[in-house]
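Let me begin by presenting the structure, written as structure tokens, before commenting on it.
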Amino acid sequence: MCVALAIALAGIGTIGWRWYSYVTAGPSPYDEVGIEVNRRLPEPMRAWGCMRIKERFPRAVPPYGCQPGQV
25 MCVALAIALA GIGTIGWRWY SYVTAGPSPY DEVGIEVNRR LPEPMRAWGC
75 MRIKERFPRA VPPYGCQPGQ V
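Under the numbering used here, the first residue of the sequence shown carries the number 25, and numbering increases by one thereafter.
Written out as structure tokens, the structure reads:
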């Protein structure tokens, strides 16, 4: 039980870190893994991530999941 919980927490932490680094410091708004993780998050987190991406790349076309009507 403890091992399964530790593995689940490690997986969630890894995915969370990957998403956070994508929206705050990624070199491109079109990172496939970052887009997919962002697209599957709850609306408030996805909106925050999209807002950060738009601030960092104001002239880029928003990635999938950040355009109106896409989820």
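Glycine included, C-beta positions come from ideal geometry on N, C-alpha and C.
Being a predicted model, the structure only gives us computed values, none of them experimental.
CA-to-CA distance, A32 to E60, given in whole angstroms: In the sequence shown, the residue the question calls residue 60 occupies position 36. In the sequence shown, the residue the question calls residue 32 occupies position 8. Each residue's Cα considered, the two are about 19 Å apart.
Residue environment, W72, which counts as buried when at least 16 other CB atoms sit within 10 Å: Position 48 of the sequence shown, counting from 1, holds the residue named residue 72. Answer is exposed; the Cβ neighbour count stays below 16.
DSSP three-state assignment for L65, whether helix, strand or coil: For the purposes of this step, residue 65 is taken as the residue at position 41 of the sequence shown. L65 falls in the coil class under three-state DSSP.
Span separating the alpha-carbon of W43 from that of G58: If you number the sequence shown from 1, residue 43 lands on position 19. If you number the sequence shown from 1, residue 58 lands on position 34. When rounded, the distance between both Cα atoms is 6 Å.
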